[in-house]
Amino acid sequence: MKILVTGGLGFIGSHTVVELQNEGFEVVVIDNLSNSSENVLEGIQAITGKPPIFEKMDLRNKQKVQDFFSKHDDVEGVIHFAASKAVGESVENPLLYYENNLGVLVYILQELVKKDKANFIFSSSCTVYGQADKMPITEDAPVKPAESPYGNTKQVGEEIIKDTCKVNPNLSAIALRYFNPIGAHPSVEIGELPIGVPQNLVPFITQTGVGLREQLSVFGDDYPTEDGTCIRDYIHVVDVAKAHVVALQRLLNGRNDMNYEVFNLGTGKGSSVLEVIHSFENVSDKKLNYKIVDRRAGDVIQAYADTEKANSVLGWKAQSTLDEAMKSAWDWEQKIRR
Ligand code: UD1
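The opening position of the sequence shown corresponds to residue 49 in the numbering used here, with each subsequent residue numbered one higher.
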């Protein structure tokens, strides 16, 4: 069964390609390599025994999207990762984000609604909840005004899919709201490859640990949390990848309750920035050089998932602990800097 994975050489995409191939799916990857590398294909091959079919393509070219779906008319499911994800960059260049994250989404959906039956999985984010009023966060928590164009593309992306599903019963879609994916494949053949200075906490920590960065700045220790630092739900990327396969199978087997569904992908456990640092120190046996600095604009105090719906309806549960995820991130960082 042929599955298209857009952005399939990126961080979460590549781990999902591995899980799909392990389950016997035939995978076609489209990636423009804007934030990834063709070498990832070798990593996927090392783990699964074969590379996916790869088409280097920028999906902002509508004609190419149409041509792809004409050529591959046997695609039975699409997992759509291809998008830009840097919050700061989205503030500087909103049109890039609206074109890349929403224009492309529209082009793909326009092709899918032409099919007799189409299945679509969308990468959404817990950022749609903003600072939720209640912890843990359930899927029916209100969507709060976005803090950035990036966040807005996830909210509007969900709306676009929902509206499209309403009038296209042949289209079934699931939006997966990721909390904070971290880590790398335990084989250390694939992992996160941030270009430039990492904006996210865990790659910044591992790069500091390996000596590539001088010091981690902890953004604020005066939040109303136990140790004063922000709380997030860090989830192993392999757990996130497996959820995509489970969600896809739900659609392929027609087990979905509605043709548009939303699930949180988190562990249900919140960890503070200092707890994440301690996890790194624990698995690496190193002291991390860090200092407390001012708060970062736009950060919410805390966000962790209520996982009940994903557990009971989707039938998926995160397996790895923070230490296990951190250990894999650290193993990966050491491998790529060798
Ligand atoms: C961020 C985005 C979120 C996006 C996600 C995608 C913001 C405000 N949020 O999530 O919208 O979906 O990335 O990748 O940008 N921290 C430090 N020092 C650092 C880096 C981070 O203390 O050098 C802290 C942050 O303040 C935060 C936590 O670590 O409390 C996690 O930060 P990060 O990894 O950037 O993820 P989010 O902010 O949760």
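Where is the CB? At the ideal position from N, CA and C, for every residue including glycine.
Compute the distance between the beta-carbons of F267 and D354, then report whether it is under 8 Å. no
How should V215 be labelled, buried or exposed, when 16 other C-beta atoms within 10 angstroms of its C-beta is the threshold for buried? exposed
Pull up the distance between the alpha-carbon of S132 and that of D106, whole angstroms please. 12 Å
Considering I230, what are the terminal residues of the beta strand (DSSP E) in which it resides? N228 to I230
Just checking F267 against the ligand UD1 - is the residue's beta carbon closer than 7 Å to any of the ligand's heavy atoms? yes
A166 and L219 closer than 8 Å at C-beta: yes
Take I208 as the anchor and find which of H120, L300, V161 and E274 has the nearest alpha-carbon. V161
Could you tell me which residues DSSP puts in a beta bridge with H128? T54 and F170
Is A366 buried or exposed, if buried means 16 or more other CB atoms sit within 10 Å of its CB? buried
Looking at the unbroken beta strand (DSSP E) that takes in E103, where does it start and where does it end? I101 to K104
Taking the beta strand (DSSP E) that S265 falls in, what are its first and last residues? L264 to F267
When the distance is taken between beta carbons, is L224 closer than 8 Å to H292? yes
Do you know offhand how far R108's Cα is from D270's? 43 Å
Can the beta-carbon of G205 be found closer than 8 Å to that of L150? yes
Does the ligand UD1 have a heavy atom nearer than 7 Å to the CB of C213? no
Using 8 Å for Cβ pairs, my map puts L377 next to I230. What's the rounded Cβ distance? The amino acid at residue 377 is misidentified as Leu; the sequence shows Ala. About 6 Å separates the two Cβ atoms, so the contact holds.
How about L313 and F252: do their beta carbons lie closer than 8 Å? no
Output needed for E237: all residues of its chain with C-beta closer than 6 Å, excluding positions within five of it in sequence on either side, in chain order. G91, A94 and I95
Based on the DSSP output, what are the partners of L219 in its beta bridges? A166
Quick check on K182: buried or exposed, where buried means 16 or more other Cβ atoms within 10 Å of its Cβ? exposed
Out of D371, N337 and L299, point me to the one whose CA is closest to V39's CA. This structure gives no information on residue 39, because the portion of the chain shown stretches from 49 to 386.
From D188, S265, L299 and G318, residue whose alpha carbon lies closest to that of V341: S265
Start and end of the beta strand (DSSP E) containing L361? As written in the sequence, residue 361 is Val, which differs from the Leu given in the question. Run containing V361: none; DSSP gives neither H nor E here.
Endpoints, beta strand (DSSP E) assigned at I325: No beta strand (DSSP E) contains I325, which is instead part of the alpha helix (DSSP H) from V321 to S332.
Which of helix, strand or coil does DSSP assign to H233? coil
Candidates D333, D281 and G276: which alpha carbon is nearest L249's? D281
Which residues does DSSP pair with N312 in a beta bridge? R225
Whole-angstrom distance between L153 and K210, CA atom to CA atom: 12 Å
Going by other Cβ atoms of all chains shown within 10 Å of its Cβ, with 16 needed for buried, is R298 buried or exposed? buried
May I have the straight-line CA-CA distance separating T315 from E372, to the nearest angstrom? 13 Å
CB-CB length for K119 against N80, believed under 8 Å: Going by Cβ atoms, the distance from K119 to N80 rounds to 18 Å, so no, they are not a contact pair.
Secondary structure of Q350, DSSP reduced to three states: strand
Our contact map puts V77 next to F102 with C-beta atoms below 8 Å; I'd like the distance itself, whole angstroms only. 5 Å
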